[in-house]
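Below: one structure, written as structure tokens.
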Amino acid sequence: MSRLLYRLGRSAAARPWRMIVLWVLVVAALGGAAAVGGGALHDSYELKGTGSQQATDLLRERFPALSGADARIVVHARSGKVDQAKVAAAGERVRRLPHVAVVDPAVPSPDGATALITVRYDRPVTGLTPKATLDALRGATGELKAAGHQVEFGGQVPENVSAPGGVAEGVGIVAALVILFLAFGSVVAAGLPLAVALAGLGAGMSGITLLAAVTDVATTGPTLAVMTGLGVGIDYALFILTRHREGLAEGLDVPEAAGRATATAGLSVLFAGSTVLLALCGLVLSGMPVYMTMGFATGLVVAATVASAVTLLPAVLGLAGRRVLRRRDRAAGAVIETGSPRVRRWADRIARRPWVWLTAALVLMLTLAAPMLGMRTWPSDASSEPASSTVRKAYDLVAEAYGPGANGPLLVAVDLRKVDKGTLPELHRRLAAADGIAAAAQPQASPDQSAAVIVLTPKYGPQDEHVTGMVNRIRAQILPKGAEITGLTAAYVDLTQRLSDRLWPVIGVVVATSFLMLMVVFRSLLAPLKAAAMNLLSIGAAYGVLTAVFQWGWGAQLLGLPHSVPVSSFILLVMFAVLFGVSMDYEVFLLSRVREEWLRTGDARGAVSAGLGATGRVISSAALIMVAVFLGFALDPGVVIKQMGLGLAVAVALDATVVRLVLVPAAMALLGKANWWLPGPLERILPKIDLHGGGAEQDRPREVAHV
Numbered sequence: 001m002s003r004l005l006y007r008l009g010r011s012a013a014a015r016p017w018r019m020i021v022l023w024v025l026v027v028a029a030l031g032g033a034a035a036v037g038g039g040a041l042h043d044s045y046e047l048k049g050t051g052s053q054q055a056t057d058l059l060r061e062r063f064p065a066l067s068g069a070d071a072r073i074v075v076h077a078r079s080g081k082v083d084q085a086k087v088a089a090a091g092e093r094v095r096r097l098p099h100v101a102v103v104d105p106a107v108p109s110p111d112g113a114t115a116l117i118t119v120r121y122d123r124p125v126t127g128l129t130p131k132a133t134l135d136a137l138r139g140a141t142g143e144l145k146a147a148g149h150q151v152e153f154g155g156q157v158p159e160n161v162s163a164p165g166g167v168a169e170g171v172g173i174v175a176a177l178v179i180l181f182l183a184f185g186s187v188v189a190a191g192l193p194l195a196v197a198l199a200g201l202g203a204g205m206s207g208i209t210l211l212a213a214v215t216d217v218a219t220t221g222p223t224l225a226v227m228t229g230l231g232v233g234i235d236y237a238l239f240i241l242t243r244h245r246e247g248l249a250e251g252l253d254v255p256e257a258a259g260r261a262t263a264t265a266g267l268s269v270l271f272a273g274s275t276v277l278l279a280l281c282g283l284v285l286s287g288m289p290v291y292m293t294m295g296f297a298t299g300l301v302v303a304a305t306v307a308s309a310v311t312l313l314p315a316v317l318g319l320a321g322r323r324v325l326r327r328r329d330r331a332a333g334a335v336i337e338t339g340s341p342r343v344r345r346w347a348d349r350i351a352r353r354p355w356v357w358l359t360a361a362l363v364l365m366l367t368l369a370a371p372m373l374g375m376r377t378w379p380s381d382a383s384s385e386p387a388s389s390t391v392r393k394a395y396d397l398v399a400e401a402y403g404p405g406a407n408g409p410l411l412v413a414v415d416l417r418k419v420d421k422g423t424l425p426e427l428h429r430r431l432a433a434a435d436g437i438a439a440a441a442q443p444q445a446s447p448d449q450s451a452a453v454i455v456l457t458p459k460y461g462p463q464d465e466h467v468t469g470m471v472n473r474i475r476a477q478i479l480p481k482g483a484e485i486t487g488l489t490a491a492y493v494d495l496t497q498r499l500s501d502r503l504w505p506v507i508g509v510v511v512a513t514s515f516l517m518l519m520v521v522f523r524s525l526l527a528p529l530k531a532a533a534m535n536l537l538s539i540g541a542a543y544g545v546l547t548a549v550f551q552w553g554w555g556a557q558l559l560g561l562p563h564s565v566p567v568s569s570f571i572l573l574v575m576f577a578v579l580f581g582v583s584m585d586y587e588v589f590l591l592s593r594v595r596e597e598w599l600r601t602g603d604a605r606g607a608v609s610a611g612l613g614a615t616g617r618v619i620s621s622a623a624l625i626m627v628a629v630f631l632g633f634a635l636d637p638g639v640v641i642k643q644m645g646l647g648l649a650v651a652v653a654l655d656a657t658v659v660r661l662v663l664v665p666a667a668m669a670l671l672g673k674a675n676w677w678l679p680g681p682l683e684r685i686l687p688k689i690d691l692h693g694g695g696a697e698q699d700r701p702r703e704v705a706h707v
């Protein structure tokens, strides 16, 4: 593989315009195809085998009008009472909109200051275009707003409208450019990793749009993909660029330096990208379409950035020539500093007292992880959105006028082919008297009289910690066989339980596959085992910080949230997959240099110091870039992306400092030669992978092979 990458990198650098034109054509073709045949984003939270899904399926079959997407129009008079005639007229206009199946009569609040119109569509939200549908609702209710009423929108359709992006990405890109310039002292060197990452990002995002044409892609999928792809794409290009600069410092010409960098750092990029893809593939085990498509979408972008790093980057390096160096370093014979003596001295200090440093770092990481033991996960809802958003305003108005439970009504679907119709009055009485239920509407029969539905209004909002017990008690103590409960709150209960059940299998598979890959690459048992343990430690610390900031409220308001919120159930699996893959990136780059020194010198402790010294600066720069990118997304108005951005930033920061600069050198110093121990049977059967580019040696021109 290194031989192939060497030839690819050298050829691209020697004839750069061929590869550059090819990439321009590929990105343009994918962009054109996405514009013509791309699909729209939709969230699909089907939970096969759960009670809420069974009830939803029954409603789709017997109550089509109750099984589609819904929207809520909340009309509020800032003084006095709402004009019921105008509200009714608006309801008639809404009824004539496309795909509207039923418009419930407006429900006035007890004081008459608020009216609630529930709109039900004839298809699920995945079959609608949420933004266009919301715009149609705004148009139909425009006269109410013109008359001085406050009109806000809630429900599935408005909550699936994606907020405009660009701010978070812009913050990350500017921060990355500044960090790269400070690290390299060259505008060209600073701009190249960013340009290459953006090319891969453009190709990957077009791929996501095309993917959305054939399957449901979650609305947060592209944001997660951009977040991850931008971070790893810049990092991958940065690692190859750094190795290329080292080659120039050794006196190599530009094509040869690019070829060697691609054969060494480029091979590490391939394996690092593969670990990220393996981790994302673990999301398939969630069994939930929304997570699968998040993994596929992010994987497309990561794969595209890996491809751009090992193909496009050598070409632009060939075009840039020696301008990737500082101006003062371009003169022949100039001494160019490529490593970090300070980091090497730090590693030597750690190695002298490894137990002390190891213990101190472990105490710090475990302290940060401790809040995770009390973490409560729950899907975010409209109450967690920014106060300026219409869905949050609608939520607050409904909670104030009708009670918090009105924001999450429950639907009990009864199959009258399995349940005696004569038992419905008693079932209704028991449901109305159930603990946590504020009101129960009279049963409604389906058109063919084969099913019935009872709408319940809980006393608690959808995010209240009491709702799980309430739903579970209704299922266990009240509902007969043939009846099930659904609705937003019940679906949240099932979703949280499903994610809790699937989290550990996903963790197990991702850790095991990554361990096997590293064992093959580094031909060691203990080094991959240590890497997995360190990565889990940094992820645990990130979970702990998220719990303290969002659930305990230690920093929620600083991040633009009005109050403390649970950690979103949606991010646990995704965050684990992304973090484990990204952490393995740094581990691959560090261990590859350490093993290279170990094979060259046979000095286990010295190899750690040399490897850390050689990679410390570039890993720190890469981590700073990734932290900046992720913190930019922590400014996103959506609470899910906000939590994801902060969690990823914290984990990467800890991984690049406490883990890479303390835990790894301390642990490897204690293990010594055992770091590279591999049992004889495994030694014989495992394939040998040349991660250091030696396989390309015979392909190098004779006149430079001795340099």
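Numbering-wise (full-length UniProt numbering), the sequence shown opens with residue 1 and increments by one. Note that the Cβ used here is the ideal one computed from N, Cα and C, for glycine as well. Predicted, not measured: the structure shown is a model, and the values here were computed from it.
Integer Cβ distance of residue i from residue j, believed to fall under 8 Å
i, j, result
"residue 646", "residue 656", "Not confirmed; about 16 Å, so no contact."
"residue 542", "residue 579", "7 Å"
"residue 304", "residue 204", "4 Å"
"residue 311", "residue 8", "7 Å"
"residue 283", "residue 506", "7 Å"
Residue nearest to residue i in terms of C-alpha spacing, selected from the options
i, options, result
"residue 254", "280, 315, 217", "315"
"residue 280", "271, 267, 299", "299"
"residue 6", "674, 237, 266", "266"
"residue 712", "450, 383, 680", "There is simply no residue 712 to check, as the chain begins at 1 and stops at 707 in what is shown."
"residue 294", "627, 486, 577, 124", "577"
"residue 708", "377, 485, 528", "For residue 708 there is no data in the structure shown, the boundaries of the chain being 1 and 707."
"residue 141", "353, 188, 76", "76"
"residue 495", "564, 548, 568", "568"
"residue 445", "438, 465, 455", "455"
"residue 571", "61, 11, 359, 379", "379"
"residue 308", "674, 171, 3, 238", "238"
"residue 466", "435, 476, 439", "435"
"residue 52", "297, 608, 491", "491"
"residue 131", "160, 120, 124, 103", "160"
Spatial distance of residue i from residue j (CA atoms)
i, j, result
"residue 92", "residue 153", "17 Å"
"residue 220", "residue 355", "43 Å"
"residue 703", "residue 41", "Because the pLDDT at residue 703 is just 37, under 50, the model does not fix this residue reliably, and the point stays unresolved."
"residue 385", "residue 70", "19 Å"
"residue 335", "residue 249", "Residue confidence is low: residue 335 scores 47 on pLDDT, short of 50, so the model does not pin down where it sits. Its coordinate-derived value is still stated next. Approximately 7 Å, taken between the alpha carbons."
"residue 246", "residue 534", "29 Å"
"residue 348", "residue 606", "8 Å"
"residue 370", "residue 520", "34 Å"
"residue 50", "residue 686", "43 Å"
"residue 324", "residue 196", "14 Å"
"residue 333", "residue 622", "At residue 333 the pLDDT is 48, less than 50, meaning the model places this residue with poor confidence; the figure from the coordinates comes in the next sentence. Taking the straight line from one Cα to the other gives about 28 Å."
"residue 500", "residue 493", "11 Å"
Where the alpha helix (DSSP H) containing residue i begins and where it ends
i, result
"residue 130", "130–140"
"residue 410", "Where residue 410 is concerned, there is no enclosing alpha helix (DSSP H), although the beta strand (DSSP E) it sits in stretches over 410–415."
"residue 539", "526–546"
"residue 304", "289–307"
Three-state class that DSSP yields for residue i in the structure shown
i, result
"residue 9", "helix"
"residue 120", "strand"
"residue 633", "helix"
"residue 444", "strand"
"residue 56", "helix"
"residue 220", "coil"
"residue 177", "helix"
"residue 323", "helix"
"residue 50", "coil"
"residue 40", "coil"
"residue 731", "Beyond the ends of the chain as shown, which are 1 and 707, falls residue 731; an answer cannot be given."
"residue 76", "strand"
"residue 89", "helix"
"residue 83", "coil"
"residue 283", "helix"
"residue 453", "strand"
Limits of the beta strand (DSSP E) - the one that residue i falls within
i, result
"residue 150", "150–154"
"residue 484", "483–486"
"residue 369", "Unbroken run through residue 369 is the alpha helix (DSSP H), 354–369; no beta strand (DSSP E)."
Distance cut-off 7 Å: residue i Cβ against heavy atoms of the ligand GTP
i, result
"residue 242", "Summarising the ligand content, the structure contains no ligands, and the ligand GTP is consequently not present."
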